[in-house]
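Enquirer: Chains as they are written, first to last, in the working numbering: chain A, 1 to 112; chain B, 1001 to 1108.
Just so you know, even glycine gets a beta-carbon here, dropped at the ideal spot from N, CA and C.
(1) Less than 6 Å between C-beta atoms, sequence neighbours within five positions excluded: which residues of the same chain meet that for residue 18 of chain A?
(2) What are the complete alpha helix (DSSP H) segments, minimum 4 residues, inside the region 1003 to 1070 of chain B?
(3) So residue 1024 of chain B and residue 1034 of chain B are supposed to be a Cβ contact under 8 Å. How far apart are they, rounded?
(4) For the beta strand (DSSP E) containing residue 1089 of chain B, name the first residue and the last one.
(5) To the nearest angstrom, report how far apart residue 101 of chain A and residue 94 of chain A are at their CA atoms.
(6) When the distance is taken between beta carbons, is residue 77 of chain A closer than 8 Å to residue 88 of chain A?
(7) Report the three-state DSSP secondary structure of residue 53 of chain A (helix, strand or coil).
(8) How big is the Cα-Cα spacing for residue 65 of chain A and residue 1097 of chain B?
(9) What in chain B is Cβ-close to residue 100 of chain A, meaning under 8 Å?
(10) Any contact between the region 29 to 39 of chain A and the region 1010 to 1021 of chain B? By contact I mean 3 or more CB pairs, one from each, below 8 Å.
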């Protein structure tokens, strides 16, 4: 596709469950980012991949959150034992070398 | 990363120029100034960025003061579709630290 694609667009899950959020970056982009946006706030950095490796995961809030990018393209953000406070829009962005970040539409996660 | 200060909201008239200020007094020498905007229910959209010199593209102009402690984003002819939250961010490389931004409402 032409842009960053995130699936699902909406996800409702019960407290304590495990969820996976998928990001398909723009073809050829080596950099991939995950952000989280709570209602009324700006996006908050979670993790940055350069290729297959996580170059900076300092924004992940705790060890329930994990992200992978095994082949340097698609990435999956995984959240274990979800809590109501995890409810937010999870945004993925990708970029090439020396280009700006292009964001997807996000996945709205609701933990009930 | 250095932090920015933006007004929480501003209105502007359709067809007029919108000037969005941003203070970044603690910016360091190698940090860029980036502007993104976020239209309701969409992901952030890149607008423009600069280091020292003023920049212009098809969307906007960016004016950076000589001491680099503040900047202004100019939307030359605002339209109703420019209504959005505008984020001024300073940093470099990959890690964008979004603040609360300025909610810009363009009125007919």
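Expert: Walking through what the data contain:
(1) Taking the first residue of the first chain as position 1, residue 18 of chain A is located at position 18. Contacts found: 80.
(2) Counting whole runs of 4 or more residues, the region 1003 to 1070 of chain B contains no alpha helix (DSSP H) stretch at all.
(3) Translated into the one-based positions of the second chain, residue 1024 of chain B becomes position 24. Translated into the one-based positions of the second chain, residue 1034 of chain B becomes position 34. In fact, because the Cβ distance is near 11 Å, the residues do not count as touching under 8 Å.
(4) Taking the first residue of the second chain as position 1, residue 1089 of chain B is located at position 89. Segment 1084 to 1091, the beta strand (DSSP E) holding residue 1089 of chain B.
(5) In the first chain, residue 101 of chain A corresponds to position 101, counting from 1. In the first chain, residue 94 of chain A corresponds to position 94, counting from 1. Near 5 Å, if we compare the C-alpha coordinates of residue 94 of chain A and residue 101 of chain A.
(6) The residue labelled residue 88 of chain A in the question sits at position 88 within the first chain. The residue labelled residue 77 of chain A in the question sits at position 77 within the first chain. No, Cβ-Cβ distance for residue 88 of chain A and residue 77 of chain A is not below 8 Å.
(7) Translated into positions along the first chain, residue 53 of chain A becomes position 53. Reduced to three states, the DSSP call for residue 53 of chain A is strand.
(8) Position 65 of the first chain, counted from the first residue, corresponds to residue 65 of chain A. Position 97 of the second chain, counted from the first residue, corresponds to residue 1097 of chain B. Those two C-alpha atoms are separated by around 20 Å.
(9) Residue mapping note: residue 100 of chain A aligns to position 100 of the first chain, counting from 1. Chain B residues near residue 100 of chain A: 1034, 1046, 1049.
(10) Cβ pair count under 8 Å is below three, so no.
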